[in-house]
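Numbering (this note's numbering), first residue to last: 25 to 318. Some notes on the structure that comes next.
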Ligand code: GUN
């Protein structure tokens, strides 16, 4: 293996220390405690684990955290009313509805209900639109964290060829926008590959940066890479494994061993992108509280 492992846990810890200092200053100077509400509907095990991690991170940063757990069989109107109440609650500066929602809920309707100024996930059409045209907004957490992870490798993104594999609204599409926009830590030439791409390796073989967010193990293998590429693996796949206490192990969308042999730097799973997603959520929540505090 020749690649440097990009330590998402360390970057997250350093950034969270900065955020905690910002939270303490805001409390002391303005008497405002940033508050994040996280809504979890149902009991999807991966979602439960994400929500628990978000709540813990919030508390560690000195923020107020409110977790709202609702059963999967509640009417959609109850969820919408819960979001509306949080929109109007001055103790709450950020609202996150954990996705995916159980079957039967319209994610679009629920997300559209979140007030844009509390949309710390950056998922509402207002924030997505502002990001697209380069206006000040809440950037989506995983794509924003990915830019930070590329930055710590020392690679200058400007002028590079970046390939994104996956076109989800949460990761693929927004990270392609952030990498290609004009300005600092961006200005890449971006190719967006997806399930309609016959052979992604045609593009990855000339890529300086590959972001893989396909939701499928082994989507990216070492033979698809240009030597020295930076690989950001967004995948979190649970592979059944009886030797593990939880009965599964996590793996990303990249085949770690073969990619690490060719890349100059690569994020591990776990310990790469995941910690940065939560960190950028705290970042946005602090920013939201600062705006309210003036
Ligand atoms: N599900 C997976 N990732 C995310 C995220 O970043 N935000 C929300 N709300 N749900 C998710």
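For each residue, glycine too, the CB sits at the ideal point set by N, CA and C. Just so it is clear, the structure is predicted and the values come from calculations on it, not from any experiment.
| field | Helix, strand or coil at residue 118 [DSSP, three-state] | value | The residue given as residue 118 occupies position 94 in the chain shown. The answer is strand: DSSP assigns residue 118 an E or B state.
Residues of its chain near residue 111, where Cβ-Cβ distance is below 8 Å and the 5 sequence neighbours each way are ignored: Indexing the chain shown from 1 puts residue 111 at position 87. Taken in chain order, the residues that qualify are 119, 137, 138, 139 and 142.
Problem - Closest Cα partner of residue 251 within the set 310, 290, 243 and 207 - result: On the chain shown, position 227 is the one that residue 251 refers to. Looking from the CA of residue 251, the closest CA among 310, 290, 243 and 207 belongs to 290.
Simplified DSSP state of residue 112, which is helix, strand or coil: If you number the chain shown from 1, residue 112 lands on position 88. DSSP places residue 112 outside both helix and strand once states are collapsed to three, so it counts as coil.
field: Separation of residue 286 from residue 26, as counted between CA atoms
entry: The sequence position of residue 26 within the chain shown is 2, counting from 1. The sequence position of residue 286 within the chain shown is 262, counting from 1. Approximately 7 Å, taken between the alpha carbons.
The beta strand (DSSP E) enclosing residue 59, as first and last residue numbers:
In the chain shown, counting from the first residue as 1, residue 59 sits at position 35. Note, residue 59: beta strand (DSSP E), 59-65.
inquiry  = When you measure from the CB of residue 171 to every non-hydrogen atom of the ligand GUN, does any distance come out below 7 Å?
reply    = Reading the chain shown from its first residue, position 147 is the one you call residue 171. Checking the Cβ of residue 171 against the ligand GUN gives no.
Exercise. Could you tell me if residue 67 is buried or exposed, where buried requires 16 or more neighbouring beta carbons within 10 angstroms of its beta carbon?
Key: Numbered from 1 along the chain shown, position 43 holds the residue referred to as residue 67. Exposed.
Note to self: When you measure from the CB of residue 6 to every non-hydrogen atom of the ligand GUN, does any distance come out below 7 Å?
What the structure shows: No answer is possible for residue 6: the residues shown for the chain start at 25 and end at 318.
Q: Counting only runs of 4+ residues fully inside the segment 231-310, write out the alpha helix (DSSP H) ranges in chain order.
A: Runs of the alpha helix (DSSP H) inside the segment 231-310: 280-284.
_So, does the segment 46-61 touch the segment 80-99, judging by three or more C-beta pairs under 8 Å?_
Segments in contact, yes.
*Determine the direct distance from the alpha carbon of residue 200 to that of residue 215, and round the result to whole angstroms.*
Sequence index remark: in the chain shown, residue 215 carries index 191 (1-based). Sequence index remark: in the chain shown, residue 200 carries index 176 (1-based). Each residue's alpha carbon lies about 8 Å from the other.
* Asked: Between the segment 36-56 and the segment 68-86, do three or more beta carbon pairs fall short of 8 Å?
  -> Taking one beta carbon from each stretch, the segment 36-56 and the segment 68-86 have 3 or more pairs nearer than 8 Å; the two touch.
| With respect to 7 Å, is the separation between the Cβ of residue 29 and the closest non-hydrogen atom of the ligand GUN below this value? | The sequence position of residue 29 within the chain shown is 5, counting from 1. Placement of the Cβ of residue 29 at a distance of 7 Å or more from every heavy atom of the ligand GUN is found.
**Asked** Counting pairs of beta carbons, one from the segment 205-214 and one from the segment 236-255, are three or more of them closer than 8 Å?
**Response** Because the criterion of three Cβ pairs below 8 Å is not met, the segment 205-214 and the segment 236-255 do not touch.
Take residue 197 and list the residues in its own chain whose beta-carbon comes closer than 6 Å to its own, dropping the five residues that flank it on each side.
-> Translated into positions along the chain shown, residue 197 becomes position 173. Taking residue 197 as the centre and dropping the five residues before and after it, the same chain places the C-beta of 191 closer than 6 Å to its C-beta, in chain order.
Could you spell out where the beta strand (DSSP E) holding residue 90 opens and where it closes?
-> Your numbering for residue 90 matches position 66 in the chain shown. From DSSP, the beta strand (DSSP E) with residue 90 extends over 88-94.
Span of the beta strand (DSSP E) holding residue 44? As a first step, residue 44 must be located in the chain shown, where it is residue number 20. Note, residue 44: premise wrong, no beta strand (DSSP E); alpha helix (DSSP H) at 32-54.
*Does the distance from the C-beta atom of residue 309 to that of residue 165 stay below 8 Å?*
As a position in the chain shown, residue 309 is number 285, starting the count at 1. As a position in the chain shown, residue 165 is number 141, starting the count at 1. No.
Following the continuous alpha helix (DSSP H) through residue 218, name the residue where it begins and the one where it ends.
Here residue 218 is taken as the residue at index 194 of the chain shown, counted from 1. Residue 218 -> no alpha helix (DSSP H), and no H or E assigned at all.
TODO: Tell me residue 28's beta-bridge partners as DSSP assigns them.
DONE: Sequence index remark: in the chain shown, residue 28 carries index 4 (1-based). In DSSP, residue 28 forms a bridge with 289.
*asked:* Taking contact to mean 3 or more Cβ pairs, one atom from each stretch, closer than 8 Å, check whether the segment 100-108 and the segment 147-162 are in contact.
replied: By the Cβ criterion, the segment 100-108 is not in contact with the segment 147-162, since fewer than three pairs of Cβ atoms, one from each stretch, lie closer than 8 Å.
Nearest by alpha-carbon distance to residue 256: which of 266, 64 and 277 is it? Along the chain shown, read from residue 1 onward, the residue named residue 256 stands at position 232. Among 266, 64 and 277, the Cα nearest to that of residue 256 belongs to 277.
Q) Is it the case that the CB of residue 82 approaches a heavy atom of the ligand GUN more closely than 7 Å? A) Looking up residue 82 in the chain shown gives position 58. No; taking the cut-off as 7 Å, the Cβ of residue 82 has no heavy atom of the ligand GUN nearer than that.
TODO: Tell me whether residue 145 counts as near the ligand GUN, meaning its Cβ is closer than 7 Å to at least one heavy atom of that ligand.
DONE: By one-based count along the chain shown, residue 145 stands at place 121. Of the heavy atoms belonging to the ligand GUN, at least one sits nearer than 7 Å to the Cβ of residue 145.
- [ ] Output yes or no for whether 8 Å exceeds the beta carbon distance between residue 246 and residue 283.
- [x] On the chain shown, residue 246 is found 222 positions in, with the first residue counted as 1. On the chain shown, residue 283 is found 259 positions in, with the first residue counted as 1. Using a Cβ distance threshold of 8 Å, residue 246 and residue 283 count as a contacting pair.
From residue 270 to residue 292, what distance separates their C-alpha atoms? Position 246 of the chain shown, counted from the first residue, corresponds to residue 270. Position 268 of the chain shown, counted from the first residue, corresponds to residue 292. Looking at the two C-alpha atoms, the distance is approximately 19 Å.
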